[in-house]
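Line by line, the protein sequences give chains A and B. When the letters of the first sequence are read in order and numbered with our numbering, they come out as residues 662 to 912. When the letters of the second sequence are read in order and numbered with our numbering, they come out as residues 662 to 912. Structure first, commentary second.
2 protein chains.
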Amino acid sequence: MKQSILYVVGIGPGHPAGMTEEARRVIEDCEVIAGYPLYLSLLDTDLSRKTVIKTGMTGEEERCRRALQSAAEGKKTALVCSGDPGVYGMAGLVLAMQEEVPGVTVRVIPGVTAATAGAALLGAPLMHDFAVISLSDRLTPWEKIEKRLLLAAEADLVIVLYNPESKSRSGYLQKACSILLTVLPPDRPAATARNIGREGEEVWTGTVKELTNRGGDMFTTVYIGNSTTILKKGKMITRRGYPGEMRSREG
Amino acid sequence: MKQSILYVVGIGPGHPAGMTEEARRVIEDCEVIAGYPLYLSLLDTDLSRKTVIKTGMTGEEERCRRALQSAAEGKKTALVCSGDPGVYGMAGLVLAMQEEVPGVTVRVIPGVTAATAGAALLGAPLMHDFAVISLSDRLTPWEKIEKRLLLAAEADLVIVLYNPESKSRSGYLQKACSILLTVLPPDRPAATARNIGREGEEVWTGTVKELTNRGGDMFTTVYIGNSTTILKKGKMITRRGYPGEMRSREG
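What follows is the structure, encoded as structure tokens:
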């Protein structure tokens, strides 16, 4: 059997220049492109000469299956994801479904994920250890999300929240802040980055207490600082370590 | 005063095609390039017509200061980092030192960080919530690192370890595994990715127990799975959520 490859490609935060050259090369090379319509619209590649597999946000399994089948038929195929396909993206689903369509090798092409793309806009909030947590309880019990928020705050990790709210999950960011505020001081720096690298890009900085009353959506990434994070001239900056503590231990 | 910009640029995991187009454009546009020599050697840009500011790994502050000064003199300047400059990179240091050199605006250009570049090689270990923790205790008390490892494991987060060992910190990965094994089962999937996107690229998959006896270095990124992570045909895959638990809760 001919060895076929399905590329699962991350296109980065949104604007075409945020894509890696490897990602662009793969997309231009492929004759079949699968992806959520919004992400396909962010590409500046001419799709008119390619076969396009579009399915809605909830048609994820269908999209992966059709992309695998297309690759199995010997067509050069790319499944496109925003950000990095390995972070809450399609890479895992494709690999899990790979056995359904024999003879296809899956290759994941990484991209810049929202956590670091938003961090670049905000300054340097992720200079030290951090946790990335999704507030979506579609596939995860809320109790588990709650526990992770608490333990991450107790561990003094910077926290990045993906999918803070959606139309059907309004108030989730507020719930998360209430939980974090049982551990963190109300004036702990917080920030959001929205529509990163796209039209309508906006950032906000403030405190966790202020964050409580801000909504969010699926295009918002949220940042909660650790004990060394400061806001300076609108930038969110986390120290690289705890040099003060180190000195006092040595002294 | 003329507004000058210092670009802090992430070049991604190593190979030039892993760089974003924005990063390449900025580096090609700049007349002065600052960076750790190893990272400069990964660029395929012709540096012979540019001024190059090289300092060793320990000359980080000096490198940032000289890059800021170069920008302040009106020269288009880029400070180059491997991976993403905002993840244990130079972005925070530059922003913290910015006041020393008035009149310079800092712009961070994100890149693909080792966590997601290595994940792409391994399959899809970061499909769900994860923590990124550095084992370097150069600027962080070891007790803090230990606490983070424990809490991240208790939170059932996938764990990514940066800087697992170095010449002066041999045995640190073993220490970290011992701590994790007080919470995690010995057969929990684990993996490493080394020299990602560079000559000598290699991946390994196994269990946390097996990981205990493997060394690491500053070019190794380590992955510890969560309770849903599996190894399948050499790939490390974390489930997108806990659909089984969701069903049983609803049923």
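Ideal placement from N, C-alpha and C gives every residue a C-beta, glycine not left out.
Validate contact between the region 842 to 858 of chain B and the region 874 to 889 of chain B using beta carbons, cut 8 Å, 3 pairs: yes
Residue environment, residue 847 of chain B, which counts as buried when at least 16 other CB atoms sit within 10 Å: By one-based count along the second sequence, residue 847 of chain B stands at place 186. That one is exposed.
Pairwise C-alpha distance: residue 774 of chain A and residue 694 of chain A: One-based indexing of the first sequence puts residue 694 of chain A at position 33. One-based indexing of the first sequence puts residue 774 of chain A at position 113. Cα to Cα, residue 694 of chain A sits roughly 20 Å from residue 774 of chain A.
Where the region 776 to 795 of chain B meets chain A: residues whose CB sits under 7 Å from a CB there: 777, 778, 780, 781, 784, 785, 787, 788, 790, 791, 792, 793, 794, 795
Nearest-angstrom beta carbon gap, residue 907 of chain A and residue 800 of chain B [assumed within contact, 8 Å]: Taking the second sequence and counting its residues from 1, one reaches residue 800 of chain B at position 139. Taking the first sequence and counting its residues from 1, one reaches residue 907 of chain A at position 246. Residue 800 of chain B to residue 907 of chain A, Cβ: 6 Å. Contact.
C-beta neighbour in chain A for residue 840 of chain B, strict 8 Å: The residue given as residue 840 of chain B occupies position 179 in the second sequence. Closer than 8 Å: no.
Rounded C-alpha distance that separates residue 823 of chain B from residue 681 of chain A: For this step, residue 823 of chain B is matched to residue 162 along the second sequence. For this step, residue 681 of chain A is matched to residue 20 along the first sequence. Approximately 22 Å between the Cα atoms of the pair.
Below-8 Å beta-carbon distance, residue 673 of chain A vs any chain B residue: Position 12 of the first sequence holds residue 673 of chain A. Yes, its Cβ sits closer than 8 Å to a Cβ of chain B.
Below-8 Å beta-carbon distance, residue 830 of chain B vs any chain A residue: Counting from 1 along the second sequence, the entry for residue 830 of chain B is found at position 169. Not closer than 8 Å to any Cβ of chain A, the Cβ of residue 830 of chain B fails to qualify, so no.
Residue-level contact to chain A via CB, residue 912 of chain B, 8 Å cutoff: Counted from its first residue, the second sequence places residue 912 of chain B at position 251. Note that residue 912 of chain B scores a pLDDT of 35, beneath 50, so its modelled location is shaky; the value from the coordinates is reported in the next line. No, no contact with chain A.
Closest residue to residue 873 of chain B among B:849, B:679, B:716, B:690 (Cα-Cα distance): On the second sequence, residue 873 of chain B is found 212 positions in, with the first residue counted as 1. The shortest C-alpha separation from residue 873 of chain B is found at B:849.
Where residue 801 of chain B meets chain A, residues with beta-carbon distance less than 7 Å: Residue 801 of chain B sits at position 140 when you count from the first residue of the second sequence. Ordered by position in chain A, the residues that pass the 7 Å Cβ test against residue 801 of chain B are 902, 903.
Supposed contact pair residue 756 of chain A and residue 613 of chain A - C-beta distance, whole angstroms, cut 8 Å: There is no way to answer for residue 613 of chain A, as the model of chain A reaches only from 662 to 912.
Cβ pair count under 8 Å reaching 3, the region 804 to 811 of chain B against the region 810 to 826 of chain A: yes
Rounded C-alpha distance that separates residue 776 of chain A from residue 821 of chain A: Here residue 776 of chain A corresponds to residue number 115 of the first sequence, with the count starting at 1. Here residue 821 of chain A corresponds to residue number 160 of the first sequence, with the count starting at 1. Cα to Cα, residue 776 of chain A sits roughly 7 Å from residue 821 of chain A.
Chain B contact residues for residue 809 of chain A, given Cβ-Cβ distances below 7 Å: Counting from 1 along the first sequence, the entry for residue 809 of chain A is found at position 148. Within chain B, the residues near residue 809 of chain A are 790, 816, 818.
Test: residue 871 of chain B CB closer than 8 Å to a CB of chain A: Here residue 871 of chain B refers to the residue found at position 210 when the second sequence is read from its first residue. Answer no: the Cβ-Cβ gap between residue 871 of chain B and chain A never drops below 8 Å.
8 Å Cβ cutoff, residue 728 of chain B in contact with chain A: For the purposes of this step, residue 728 of chain B is taken as the residue at position 67 of the second sequence. Cβ-Cβ to chain A under 8 Å: no for residue 728 of chain B.
Identity of the residues DSSP links to residue 897 of chain A by a beta bridge: For this step, residue 897 of chain A is matched to residue 236 along the first sequence. For residue 897 of chain A, which the question treats as bridged, DSSP gives the partners A:784, A:892.
Neighbourhood of residue 887 of chain A by C-beta, 7 Å cutoff - its chain only, sequence neighbours within 5 removed: Working through the first sequence from its first residue, we reach residue 887 of chain A at position 226. Counting only Cβ-Cβ distances below 7 Å, and skipping sequence neighbours, we find 789, 817, 818, 819, 899.
Contacts of residue 844 of chain A in chain B (Cβ-Cβ under 8 Å): Along the first sequence, read from residue 1 onward, the residue named residue 844 of chain A stands at position 183. Within 8 Å Cβ-Cβ: nothing; residue 844 of chain A doesn't reach chain B, min ~11 Å.
Residue from B:804, B:744, B:726 with nearest C-alpha to residue 703 of chain B: Taking the second sequence and counting its residues from 1, one reaches residue 703 of chain B at position 42. Nearest of B:804, B:744, B:726 to residue 703 of chain B, Cα basis: B:744.
8 Å CB neighbourhood of residue 783 of chain B in its chain, flanking five on each side removed: The residue given as residue 783 of chain B occupies position 122 in the second sequence. Once the five neighbours on either side are set aside, the close Cβ partners of residue 783 of chain B are 852, 854, 864, 866, 884, 896, 897.
For residue 865 of chain B, the residue or residues it bridges with in DSSP: Along the second sequence, one-based indexing puts residue 865 of chain B at 204. Answer is B:853, bridged to residue 865 of chain B.
Sequence ranges, beta strand (DSSP E) only - wholly within the region 726 to 757 of chain B, length at least 3: 738 to 742
Residue 676 of chain B versus B:779, B:764, B:714, residue with shortest Cα-Cα distance: Residue mapping note: residue 676 of chain B aligns to position 15 of the second sequence, counting from 1. Taking only the C-alpha atoms, the option nearest residue 676 of chain B is B:779.
Beta-ladder partner(s) of residue 766 of chain A, from DSSP: Sequence index remark: in the first sequence, residue 766 of chain A carries index 105 (1-based). Beta-bridge pairing links residue 766 of chain A to A:666.
Three-state secondary structure assigned by DSSP to residue 822 of chain B: For the purposes of this step, residue 822 of chain B is taken as the residue at position 161 of the second sequence. If DSSP states are grouped into helix, strand and coil, residue 822 of chain B belongs with the strands.
Residue 666 of chain A versus residue 827 of chain B: straight-line alpha-carbon distance, rounded: Taking the first residue of the first sequence as 1, we reach residue 666 of chain A at position 5. Taking the first residue of the second sequence as 1, we reach residue 827 of chain B at position 166. If I take the Cα positions, the gap works out to 37 Å.
Any C-beta of chain B under 8 Å from that of residue 771 of chain A: Numbered from 1 along the first sequence, position 110 holds the residue referred to as residue 771 of chain A. With 8 Å as the cut-off, residue 771 of chain A counts as an interface residue toward chain B.
Short CB-CB distance (under 8 Å) between residue 681 of chain B and chain A: By 1-based counting over the second sequence, the position of residue 681 of chain B is 20. Yes, residue 681 of chain B counts as interfacial toward chain A.
Local conformation of residue 687 of chain A per DSSP, three classes: Within the first sequence, residue 687 of chain A is the residue found at index 26, counting from 1. Of the three classes helix, strand and coil, the one that applies to residue 687 of chain A here is helix, per DSSP.
Contact list for residue 896 of chain A against chain B, beta-carbon separation under 7 Å: Here residue 896 of chain A refers to the residue found at position 235 when the first sequence is read from its first residue. Here the neighbours are 756.
Rounded Cβ spacing between residue 750 of chain B and residue 671 of chain B (contact assumed at less than 8 Å): Residue mapping note: residue 750 of chain B aligns to position 89 of the second sequence, counting from 1. Residue mapping note: residue 671 of chain B aligns to position 10 of the second sequence, counting from 1. Contact holds; Cβ gap of about 7 Å.
Buried or exposed (CB count within 10 angstroms, at least 16 for buried), residue 731 of chain A: Here residue 731 of chain A refers to the residue found at position 70 when the first sequence is read from its first residue. It is buried - the Cβ of residue 731 of chain A has at least 16 other Cβ atoms within 10 Å.
Proximity of residue 687 of chain A and residue 785 of chain B at Cβ, strictly below 8 Å: On the first sequence, residue 687 of chain A is found 26 positions in, with the first residue counted as 1. On the second sequence, residue 785 of chain B is found 124 positions in, with the first residue counted as 1. Not in contact: residue 687 of chain A and residue 785 of chain B (Cβ atoms no closer than 8 Å).
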